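Colleague:
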Amino acid sequence: MFAGWLDSGVIATDDGGVELSCPPWVEASVFTETRGSTAAQDLAHVSCPTWIARATGDRGLRSTCPPQVAQTIPTASETVIEGSGHFLPLENVGVVVTLLNAALDHMGKASSSDG
């Protein structure tokens with residue numbers, strides 16, 4: 013599920029680790045340019061089923077999804093993953109894949125019961 017991101021989003025380092033393939037200033041600009049976003053105010057208008065996987069740790073960088081997100085979206089279900097941070101999909105691949113598969117399975121059951 014993450015192959016495309018892994019193929020282009022990160023590169024190997026000399027010490028055996030990985031780092032983002034984009035320069036640090038590009039990553040930083042994402043945070044700078046989105047400061048004026050109204051997305052947080054628009055969350056209450058989300059009406060489709062929404063599953064949120066939120067990390068609580070700060071490994072590398074703290075999660076950018078505050079607890080209020082799940083509380084603001086009327087149809088949200090939240091799973092909290094203790095200890096992971098901003099890179100939850102890379103830190104806990106198995107957990108994220110399980111959550112995605114459960115959401116897709118639920119969507120399939122919901123659509124088959126609609127018809």
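Numbering-wise, the sequence shown is residues 13 to 127 according to this note's numbering. Each residue gets a CB set at the ideal place from its N, CA and C atoms; glycine is no exception. All of these numbers come straight from a predicted model, not from anything done at the bench.
Using alpha carbons as the reference points, say which of 30, 104 and 59 lies closest to residue 94.
Modeller: 104
Colleague: Do three or more CB pairs link the region 73-88 to the region 28-39 at distances below 8 Å?
Modeller: The region 73-88, when compared against the region 28-39, does not touch it at the 8 Å Cβ threshold.
Colleague: Give, in chain order, every unbroken run of the alpha helix (DSSP H) that is at least 4 residues long and sits entirely within the region 25-52.
Modeller: 36-45
Colleague: Buried or exposed for residue 85, please, with buried defined as at least 16 other CB atoms from any protein chain shown within 10 angstroms of its CB.
Modeller: buried
Colleague: Would DSSP call residue 90 helix, strand or coil?
Modeller: strand
Colleague: Any idea if residue 51 is buried or exposed, counting beta-carbon neighbours within 10 angstroms, 16 or more meaning buried?
Modeller: exposed
Colleague: For the alpha helix (DSSP H) that residue 56 lies in, which residues bound it at each end?
Modeller: According to the DSSP assignment, residue 56 belongs to no alpha helix (DSSP H), since it is labelled neither H nor E.
Colleague: Let's see if you can read the secondary structure: which residues bound the alpha helix (DSSP H) around residue 84?
Modeller: Per DSSP, residue 84 belongs to the alpha helix (DSSP H) from 80-84.
Colleague: Would a C-beta distance cut-off of 8 Å place residue 60 and residue 87 closer than the cut-off?
Modeller: yes
Colleague: Just grab the DSSP bridge partners of residue 114 for me.
Modeller: Bridge partners of residue 114: none, in fact.
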